[in-house]
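Student: Sharing a structure here in structure tokens format.
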Amino acid sequence: MIVRERPSGIRLFFAMRGSILGQIKWTLAANVALALLVTLSHGRLFEYKLQVSALPFSLIGLPLAIFLGFRNNACYDRYWEARKLWGDILLRGRSLARQVLTLIDAPTDATAEAALDERRRMVRRMAAFAHALKHQLRGTPDVDGQVARWLDRGEGDALASVSNKPAGLMLRMAQDLASCRRQGRVDSMLAASIDATLSGLTAAAASCERIKNSPLPFPYTLLLHRTAHLYCFLLPFGLVDSMGALTPVVVAIVAYTFFGLDAVGDEIEEPFGLRANDLPLDAICRTLEIDLLQSLGETDVPPPLEPVDCCLM
Amino acid sequence: MIVRERPSGIRLFFAMRGSILGQIKWTLAANVALALLVTLSHGRLFEYKLQVSALPFSLIGLPLAIFLGFRNNACYDRYWEARKLWGDILLRGRSLARQVLTLIDAPTDATAEAALDERRRMVRRMAAFAHALKHQLRGTPDVDGQVARWLDRGEGDALASVSNKPAGLMLRMAQDLASCRRQGRVDSMLAASIDATLSGLTAAAASCERIKNSPLPFPYTLLLHRTAHLYCFLLPFGLVDSMGALTPVVVAIVAYTFFGLDAVGDEIEEPFGLRANDLPLDAICRTLEIDLLQSLGETDVPPPLEPVDCCLM
Amino acid sequence: MIVRERPSGIRLFFAMRGSILGQIKWTLAANVALALLVTLSHGRLFEYKLQVSALPFSLIGLPLAIFLGFRNNACYDRYWEARKLWGDILLRGRSLARQVLTLIDAPTDATAEAALDERRRMVRRMAAFAHALKHQLRGTPDVDGQVARWLDRGEGDALASVSNKPAGLMLRMAQDLASCRRQGRVDSMLAASIDATLSGLTAAAASCERIKNSPLPFPYTLLLHRTAHLYCFLLPFGLVDSMGALTPVVVAIVAYTFFGLDAVGDEIEEPFGLRANDLPLDAICRTLEIDLLQSLGETDVPPPLEPVDCCLM
Amino acid sequence: MIVRERPSGIRLFFAMRGSILGQIKWTLAANVALALLVTLSHGRLFEYKLQVSALPFSLIGLPLAIFLGFRNNACYDRYWEARKLWGDILLRGRSLARQVLTLIDAPTDATAEAALDERRRMVRRMAAFAHALKHQLRGTPDVDGQVARWLDRGEGDALASVSNKPAGLMLRMAQDLASCRRQGRVDSMLAASIDATLSGLTAAAASCERIKNSPLPFPYTLLLHRTAHLYCFLLPFGLVDSMGALTPVVVAIVAYTFFGLDAVGDEIEEPFGLRANDLPLDAICRTLEIDLLQSLGETDVPPPLEPVDCCLM
Amino acid sequence: MIVRERPSGIRLFFAMRGSILGQIKWTLAANVALALLVTLSHGRLFEYKLQVSALPFSLIGLPLAIFLGFRNNACYDRYWEARKLWGDILLRGRSLARQVLTLIDAPTDATAEAALDERRRMVRRMAAFAHALKHQLRGTPDVDGQVARWLDRGEGDALASVSNKPAGLMLRMAQDLASCRRQGRVDSMLAASIDATLSGLTAAAASCERIKNSPLPFPYTLLLHRTAHLYCFLLPFGLVDSMGALTPVVVAIVAYTFFGLDAVGDEIEEPFGLRANDLPLDAICRTLEIDLLQSLGETDVPPPLEPVDCCLM
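Protein chains in written order, with my numbering: chain A, 4 to 316; chain B, 4 to 316; chain C, 4 to 316; chain D, 4 to 316; chain E, 4 to 316.
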């Protein structure tokens, strides 16, 4: 996620960080080159004058506006739903810690060591769940052991062979809860409250998977790309008669906004990636880690993540 | 569902897989043929010059834009709601497995064989439920026995005579749950939690049926088709004077986007079919099967489905 | 609800069943007649030439597009919300049957006859509830005794004097549930689950009443009708100079789409009526009847309703 | 709320009741007067010819369309949310009566008079709650004693000194419920169900307050008003050259729709007032009164409110 | 939040308070200055005549309309969601007070002083929670001790070292609730109801954080600003030929609406700040304080906040 102040005045036009220009520069360059060519040849292509009035642009402009507006809204809805889901994971993680620590009684068996307390284990497992979900959504391997460091050694090893790691961790949560219930440390009513929180976390994880696995129907993307490219690459022929030498400038502005709008849509359509405008899942996981550790009473907590070069991962 | 990388550059225009061109090719061909005819005859039809200016197109364009934008959004909402419902079935299926296995106690009667354990039976019945719902929504017969293989022999036979199979399976779930409750293996509070999950599954199935049985009001479809066809088939007469020989090209582009937009809407309006852009219900059912089997502790699980020719069913 | 295949090709223009043409034929005829008159007199009215350019149409077109788009969405939202509510009634009716039959124990008193079993009575009363709500929303009298046939004789007579019949039936449900609870046949926890289902049914019924009793604010309807009529009836004067003899054709197409769009909105704004595009409440009630009877174990169930002349009531 | 049949044909243009014309007549008259002046002077103002082409109108038309569409949707959403909230109050009021009368046992103390029964008192207090909320939202004093007549004398007097009367009544509800619970007349599980209904009523009341206290951000209103007025008052200068004597007619039509659209927005933005298109809170409160009295078994109930001069308050 | 009557007539154009003019005056001035220069030089720049027709404005106008409409809706949705969340905090705060005071029994230990009663402490802590959240969202230090004055001395000191103060206060709430439960002053069922209210408050606070921490994707903002500025600064060149001396007036109107629309979006995109159109969090906190104190039976309550210079903070 790009985190920066809004530039103003003339600097507005030279801000590169957070601009979408990087993704579209080659298509844009090709388009402007064509416009230059058309301007220099006065719209003649191989000695044949292409007769294009303004009419086709308003005709193609109608479905293009519908496509762009539709895709824009649909992509942003996906992005914002994904952000809400991770906000949900954050808050349910906190609620889980609060519930586990206040609704489940301490183990009565005095010989039980602190390390074996299910309550502590469940709170730490919550941090592992967030990291495991993050890696699953991004498709990245957990090279730094971000998941395993929050688990008991045995559990971490057992998890390695499970394909759907977040679901595996949730099943462990439920087993620990059932164990506490059988020990009489939490009554059924309150166990049901905690079970509802676990269901909420499972639901949020499944909804993230849904967003990841179900892109916009492909023909929309294909139709929109085709229409937008045809529109922009035909544009110089329609403008050259009325705009003259300004044609490449106007083409550059129009193509920049259309291709830019399209490229932003591409980025936020899949909000779980590692590109500049994707969701800062590392930062959210860190926030959760801090809150969980503080709820366990620990004071040695890691600092929140800061944006690097205006970009929070 | 089409699963493929977005083509770029010149390949964008030659991608056929996932394109909507197949559905609209005959209408499009007729339209372009008319445009050719009009161009060659300079807009004369039987010696009579049709005088059509650009004005009618902006007049018809207004209601057409409203129609297309409206239908586009309504169809996509149906598609996305259907996708959410199946995501819901997936996650509630997992929650059901987690709840059944951790909230219901094992049968106390030592003579009961494992095969008779209601908990195991309920988890397996969940897979049957998903397949039964899939076949009901698609209107396909279950030729491969995808439903029966998850059921006890007796239950499978009994199900054959039930018209609404998913509802019949849910009633069995409730009966097993009631039986466990009467045996004292689950208390009322936790049984109510499991009952809420069953209600959620019933609700998701009923909502899928609603989408299948309630198309968009028919006059919308009829009005939109008529307006779009009139617009595109009148277009050559309006363009021929100002565009000359380019008329068929512009008509092809405009008609391709309008008919294409319309055809995508047709496909995703009914998201439970077997066409390329419909929901990949087979793949979702397989994912659920894998998760259910793993939660039962089985290691011999089938692999996830892979797209065939870019298309996931 | 119109249920038919989408016509294609040339038949598209001659499909009458499901077309909105019936409702708008007189207004449309008046409009085309005016266009003919204007064309024949070359835009002169009583020897005075009305000088109307294309400009007013784009000026009026702006608020008209906003109105039509807004009203279209608002009416469809009402229609779809109404459909969802009846889907909700259907599924909660099934859930009620499942809950009543599995969560409430059979009466222990051996002398109680089956006919007196509250569980059976509650399931049958659910069907009466759906029919009573249907008649209340449609404003039709229950001439066929669709409600009374599902009730005990005494209850049916008592209901006759109640003004809000669905609410009266729900109160009876609650009384039966309270009676079962006092007999110890259902514990408080599970009774609360059933009570939640009753609250859900009450809520769905109240929401249907809200849709029925609260039309779109009247000035919207009035403003839209006035603007659309002014637009279409001024249209011939603006077209005659540039379109000549084609004026009536273009006017007919534009007026057909505008008046048609408006008339569809009128129909689906009040989705509980008896017109062709209103909701098929009879069919939904029949579906519920079948499911309820089957859950009671009866095999002699009525068949589902079929569309008559492409129209499902 | 205006309740009337949709006029058709020529009567459409003369319907005054329910028209928004009353609110905008002076602005509209000023605008048409200016148009007349401009037409008579052929666009000259103090001997200086204002040269205005059609271009500015399409330039200003763009943000104006965005504003009008946005404000229209936002205002209607507020109106419809308010209507839903009152539908919610209606149904939760009925649910409260059903729950109170069937889930709480009768007082066991035989000496308790009927007038002291908390159940009866809670049902009657529900009617007082609706009236108190209505007066709070409308900012009207309760001159007819609509609130006090539903309360015990003592409670009515005590309420007079409370600033937030609906909240005060809800606190009394909770105290009565707690008292019943302490007497053992309702168990905790069912008391929690009733408490959830009370929370729902509190939530609906608070949401109504939110709508009342948070108008649309003021700059939107100001910007929209300014842009719409500039558009309409500049319009005669842009039309006079091409439309001639028809200028005032076209200006009247365009200004009527723009100012009318704006005035409807003003009315429904604050849906709790006493203007013709505001919500019929009196009628909704009466409906609730009737239902509550009938659930108490009373037969002497007031009639539903009828519209006066097509207007339901 | 600006709270004022809508000005009408000629005063509409001179209302400054609540106008967005302050934020955009320099950009607007630069734009009008350029328009003046272009008008005086008849569109010549350094002896070179820039040939700009109306065409580029309709071409750039298309993506601009999509951007402005999209951003407008997205920003207002954020604003309105934030307002709903604070309405939620208000109502759950009241529900918490009602639940704590009626569902938890008084301490049985007669020696416990009133000041030690957890119920009283929890109600007062609710006010501290609202103020703490307000300061966290605004990023302001709590210089007036608005948080600490509602807490016991010990708790206020302990809170100083916690980074996420609202979460810390919620954990204390849960600990007090657990303590009451262990003392047998509230049973599990009712404790779960109160716990649900605490979860709701945690969720509302987390959603506010989400809105604060996740702005609209930056490329949208950048693309929109660039397109809007290019549009407005190119406008004089396109208008000067057809509008002549009126060019600066038309440019001023168009630029005022575009820049104004953009600036309102900037303000309400981040609704928790201290600018004129941000949410009145101080006033909402005060309302909550009054309600909480009255529910504790105190009569010495502070007055509601009044707008200062039409602006409620």
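For each residue, glycine too, the CB sits at the ideal point set by N, CA and C.
State yes or no: is the beta carbon of residue 230(B) nearer than 8 Å to at least one beta carbon in chain A?
Tutor: Closer than 8 Å: no.
Student: Could you tell me how far apart the beta carbons of residue 214(C) and residue 84(C) are, in whole angstroms, since I believe they sit closer than 8 Å?
Tutor: At roughly 7 Å, the Cβ-Cβ gap stays under 8 Å, so residue 214(C) and residue 84(C) are in contact.
Student: Counting only Cβ pairs nearer than 7 Å, list the residues of chain E close to residue 34(D).
Tutor: Ordered by position in chain E, no residue passes the 7 Å Cβ test against residue 34(D), which lies about 12 Å from the chain.
Student: Report the option in 261(E), 152(E), 120(E), 173(E) whose CA atom is closest to the CA atom of residue 99(A).
Tutor: Measuring from the Cα of residue 99(A), the nearest candidate turns out to be 173(E).
Student: Would you mind telling me which residues of chain B sit closer than 7 Å to residue 167(A), beta carbon to beta carbon, in chain order?
Tutor: Here the neighbours are 294.
Student: Is the CB of residue 149(E) under 8 Å away from at least one CB in chain A?
Tutor: Answer no: the Cβ-Cβ gap between residue 149(E) and chain A never drops below 8 Å.
Student: For residue 217(D) and residue 64(B), what's the separation of their Cα atoms in angstroms?
Tutor: Computed Cα separation, rounded: 38 Å.
Student: Using C-beta distances below 7 Å, list every residue in its chain close to residue 122(A), excluding the 5 sequence neighbours before and after it, in chain order.
Tutor: Around residue 122(A): 103, 104, 107.
Student: Does the Cβ-Cβ distance between residue 146(D) and residue 131(D) come in under 8 Å?
Tutor: The answer is no: Cβ separation not under 8 Å.
Student: Quick one: which chain E residues come within Cβ less than 7 Å of residue 205(D)?
Tutor: Those are 94, 97, 98, listed as they occur along chain E.
Student: Alpha carbon to alpha carbon, how far is residue 193(A) from residue 199(E)?
Tutor: So the two alpha carbons sit approximately 11 Å from each other.
Student: Report the neighbours of residue 82(D) on chain C: residues whose CB is nearer than 8 Å to its CB, in chain order.
Tutor: The answer, in chain order, is 220.
Student: Among 291(A), 70(A), 221(A), whose alpha-carbon lies nearest the alpha-carbon of residue 313(B)?
Tutor: Nearest C-alpha to residue 313(B): 221(A).
Student: Under 7 Å Cβ-Cβ, which residues of chain A neighbour residue 210(E)?
Tutor: By Cβ distance, chain A contributes 90.
Student: Whole angstroms are fine: how far does the CA of residue 124(B) sit from the CA of residue 118(B)?
Tutor: Legend: pLDDT at residue 118(B) = 47, less than 50; position of this residue unreliable, no value from coordinates given.
Student: Cα-Cα, which of 307(E), 94(E), 110(E), 262(E) is closest to residue 203(E)?
Tutor: With distances taken between Cα atoms, residue 203(E) lies closest to 94(E).
Student: Looking at residue 39(A) and residue 307(A), is the spacing between their C-beta atoms short of 8 Å?
Tutor: The answer is no: Cβ separation not under 8 Å.
Student: Helix, strand or coil for residue 165(B)? Go by DSSP, reduced to three states.
Tutor: In this structure, residue 165(B) counts as coil in the three-state DSSP scheme.
Student: Answer yes or no: do residue 185(D) and residue 277(D) have a C-beta to C-beta separation smaller than 8 Å?
Tutor: Not a contact, by the Cβ cut-off of 8 Å.
Student: Residues of chain C with a CB under 9 Å from the CB of residue 71(D): which are they?
Tutor: Under the 9 Å cutoff, chain C gives 65, 66, 69.
Student: Taking its Cβ as the centre, do 16 or more other Cβ atoms sit within 10 Å of residue 309(B), making it buried, or is it exposed?
Tutor: Exposed, by the Cβ-count rule.
Student: Going by C-alpha distance, which of 242(C), 231(C), 205(C), 254(C) is nearest residue 97(D)?
Tutor: Closest option to residue 97(D), Cα to Cα, is 205(C).
Student: Give the C-beta separation of residue 261(D) and residue 41(D) to the nearest angstrom, bearing in mind that I take them to be a contact with Cβ-Cβ under 8 Å.
Tutor: 18 Å between Cβ atoms; not a contact.
Student: Among 210(C), 294(C), 258(C), whose alpha-carbon lies nearest the alpha-carbon of residue 81(C)?
Tutor: Ranking the options by Cα distance to residue 81(C), first place goes to 210(C).
Student: Count the other C-beta atoms from every protein chain shown that fall within 10 angstroms of the C-beta of residue 45(E), then say buried if there are 16 or more, exposed otherwise.
Tutor: The residue in question, residue 45(E), is exposed, as its Cβ has fewer than 16 Cβ neighbours within 10 Å.
Student: When the Cα of residue 317(C) is compared with those of 311(C), 275(C), 294(C), which residue comes out closest?
Tutor: Not covered by the structure: residue 317(C). The range shown for chain C is 4 to 316.
Student: By DSSP, does residue 47(C) sit in helix, in strand, or in coil?
Tutor: The answer is strand: DSSP assigns residue 47(C) an E or B state.
Student: Thinking just about the alpha-carbon of each residue, which of 163(A), 154(A), 91(A) is nearest to the one in residue 176(A)?
Tutor: Of the candidates 163(A), 154(A), 91(A), the one whose C-alpha sits nearest the C-alpha of residue 176(A) is 154(A).
Student: State yes or no: is the beta carbon of residue 118(B) nearer than 8 Å to at least one beta carbon in chain A?
Tutor: Caution applies to residue 118(B), whose pLDDT of 47 falls short of 50 and renders its modelled position unreliable; the value that the coordinates give is listed next. With 8 Å as the cut-off, residue 118(B) does not count as an interface residue toward chain A.
Student: Considering just the uninterrupted stretch of the alpha helix (DSSP H) at residue 74(E), what are its terminal residues?
Tutor: Unbroken alpha helix (DSSP H) run through residue 74(E): 58 to 106.
Student: Go through its chain and collect everything with a Cβ distance to residue 294(B)'s Cβ below 6 Å, but skip five positions before and after it.
Tutor: Here the set comprises 97.
Student: Is there a C-beta anywhere in chain B that falls below 8 Å from the one on residue 223(C)?
Tutor: No, no contact with chain B.
Student: Considering residue 271(D), what are the terminal residues of the alpha helix (DSSP H) in which it resides?
Tutor: Per DSSP, residue 271(D) belongs to the alpha helix (DSSP H) from 250 to 272.
Student: Sorted by chain position, which residues of the same chain lie with C-beta nearer than 8 Å to residue 91(C)'s C-beta, five sequence neighbours on each side aside?
Tutor: Result list for residue 91(C): 203, 207, in chain order.
Student: Give the secondary structure of residue 5(D) by DSSP, where H, G and I count as helix, E and B as strand, and everything else as coil.
Tutor: Strand at residue 5(D).
Student: Are the C-beta of residue 236(C) and some C-beta of chain B separated by less than 8 Å?
Tutor: Not one chain B Cβ lies under 8 Å of residue 236(C).
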